[in-house]
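K.L.:
For reference, the structure I am asking about is given below.
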Amino acid sequence: MKGSRKRRRTSYVNNGTNRRNTPKEQKEEEEEDVEAAAAAAEAAKGRSISELPFPILIDILSRVHLKSIFRCRCVCKTWLHLILSPEFAKLHLTRAPSSLLLQLSRYRLSQRKRNDVFLLDLEAADVRHRDAKFRFNPNLNSLNLRRCQLADSCNGFLCLADICSGNPLYILNPLTGDYITLPQVQKGFVLCESRFGFCPNTNQYKVVRFVHTVKAPRPDEWEIEIYTLGTASWRSTGFSQKSACPPRCDCLLNGSLHWVLYYGGGLESICSFHIGNETFQTLPIPPLFDLCVCGGHKRSIRGLNLGVFDGYLCICGYDSKTHYGIWVMKEYGVQESWSKLFVIEISVPARNVRLWWADYIPIKFLNDGGLLMLRNGETLVSYSFKERSFEMVRNRIPQFFEAVSHSPSFLSFKDIAMGENLKVLNVKPR
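Counting along the sequence shown from 1, when you hit position 245 you're at 245 in UniProt numbering, and nothing is skipped either side.
Okay, structure coming up:
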């Protein structure tokens, strides 16, 4: 029965031709499921699903929805050990849906407990439906999330940073409750930007932080420090390219962190840092940005953001006060491959959405042809190209939140890092 549902599940495509089933079609599918369940029950008389070989059980359970997996863990100890096995964790990660992890904004602490975490399934038939949301409280009181912010996510692990300084504090798997405390460096620094990534070539997980230290040669240079999970301490890789603003690494693509370089009063270029070989690379900006001059100087593009859309590096910004453009780099590293994907009219009518000079990040096309976007990093909105209008997404999640891209997993720290310096703790008493 589960397999038949999986095959019928509508997949996401960019052309927006998929649609939700009509009530009649849903009723027919439910009748088919009942018939399939009856046939399966008849065939399984006298036998138990637990009698199936472990590889088959793992394959079946790895296809089940996350809510159902949590229920399966309570069936028996055998299933619990199976779900916590490395084989299941690795297979489940390859099939885990792309999601957004949402946590109440640091500026809205009075509305609800900050420990509440929501997972929004971006591959659901309708992300605006409440069934696409999964709320769980991983009992993170021991970590005191009120002093933490979501810095980054990689393969189901979260990097939590200090809410004031941005200094990374913990790496946590919210599903299992396992976490490690990162070593702290006693040095003076003003500001810190943290990111977390994985290098498949070396099979290493690394925390990268950009630190503005008191020993920086210039006020516009940022020191890059790296901590490899399982090692004893941080190490410095030197100073990044000059930027008048702190590097805000908006995306991870092709194993590299990307951010925008601002210098000389405007946008200069895009800089990347490869997590594996720890080298820098400069990428060209869209040609149109070179034409944005005012009084002989390049002007700053308002609301500029980097991201990954449909597998391509994308850059978003205002062409004017009322037009928000989105470009994608079709061939990585080639300036001529920048292509304007679409332009959104910010002057269009909106329902419950404040539009002026907001930052927008495109997330995915919806099945009805609309576009799901993240506004100012804390509110989900949908844009209808047909009606040329915005609408706030309401599916019983907090209106203001911090969000990171997240693929839920059951990986253990023992599966991703080795070393005597790795001390794994758990938020739940054992």
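Virtual Cβ for every residue (Gly too), placed ideally from N, Cα, C.
Measuring CB to CB, does residue 155 end up less than 8 angstroms from residue 88?
P.N.:
No.
K.L.:
Relative to the alpha-carbon of residue 235, which residue among 55, 260, 184, 99 has its alpha-carbon at the smallest distance?
P.N.:
Of the candidates 55, 260, 184, 99, the one whose C-alpha sits nearest the C-alpha of residue 235 is 184.
K.L.:
Looking at C-beta atoms only, is the number of pairs between the segment 84 to 101 and the segment 401 to 416 that lie closer than 8 angstroms three or more?
P.N.:
Because the criterion of three Cβ pairs below 8 angstroms is met, the segment 84 to 101 and the segment 401 to 416 touch.
K.L.:
Applying the criterion that 16 or more other CB atoms from any shown protein chain within 10 Å of the CB defines a buried residue, is residue 379 buried or exposed?
P.N.:
When all chains shown are included, residue 379 counts as buried.
K.L.:
Taking its Cβ as the centre, do 16 or more other Cβ atoms sit within 10 Å of residue 74, making it buried, or is it exposed?
P.N.:
With fewer than 16 other Cβ atoms within 10 Å, it is exposed.
K.L.:
By a C-beta neighbour count over all protein chains shown, 10 Å radius and 16 as the cutoff for buried, is residue 124 buried or exposed?
P.N.:
So residue 124 counts as buried.
K.L.:
Expressed to the nearest angstrom, what Euclidean distance is found between the alpha-carbon atoms of residue 170 and residue 368?
P.N.:
Approximately 39 angstroms, taken between the alpha carbons.
K.L.:
Using DSSP bridges, identify the partner residues of residue 281.
P.N.:
Partner(s): 272.
K.L.:
Using 8 angstroms as the Cβ pair cut-off and three pairs as the minimum, do the segment 326 to 333 and the segment 305 to 312 touch?
P.N.:
With the cut-off at 8 angstroms, the segment 326 to 333 and the segment 305 to 312 touch.
K.L.:
Figure out for me which residue from 61, 98, 401, 406 has the closest Cα to the Cα of residue 80.
P.N.:
Nearest C-alpha to residue 80: 61.
K.L.:
Residue 130 by DSSP, collapsed to three states: which one?
P.N.:
Residue 130 falls in the helix class under three-state DSSP.
K.L.:
Alpha carbon to alpha carbon, how far is residue 360 from residue 149? Give it in angstroms, no decimals.
P.N.:
If I take the Cα positions, the gap works out to 20 angstroms.
K.L.:
Can you give me the start and stop residues for the beta strand (DSSP E) that residue 327 sits inside?
P.N.:
Segment 323 to 329, the beta strand (DSSP E) holding residue 327.
K.L.:
What are the start and end residues of the beta strand (DSSP E) that includes residue 232?
P.N.:
No beta strand (DSSP E) holds residue 232; DSSP gives it neither H nor E.
K.L.:
Please determine, among 423, 373, 424, the residue with the shortest C-alpha to C-alpha distance to residue 100.
P.N.:
The option with the nearest alpha carbon to residue 100 is 373.
K.L.:
Quick check: what's the CA-CA separation for residue 423 versus residue 231?
P.N.:
Straight-line Cα distance between these residues: approximately 11 angstroms.
K.L.:
Looking at residue 208: is its Cβ nearer than 8 angstroms to the Cβ of residue 226?
P.N.:
It is a contact, given that the beta carbons lie within the stated cut-off.
K.L.:
Tell me which residue opens and which closes the beta strand (DSSP E) that residue 432 is part of.
P.N.:
This structure cannot settle anything about residue 432, because the visible part of the chain is limited to 1 through 430.
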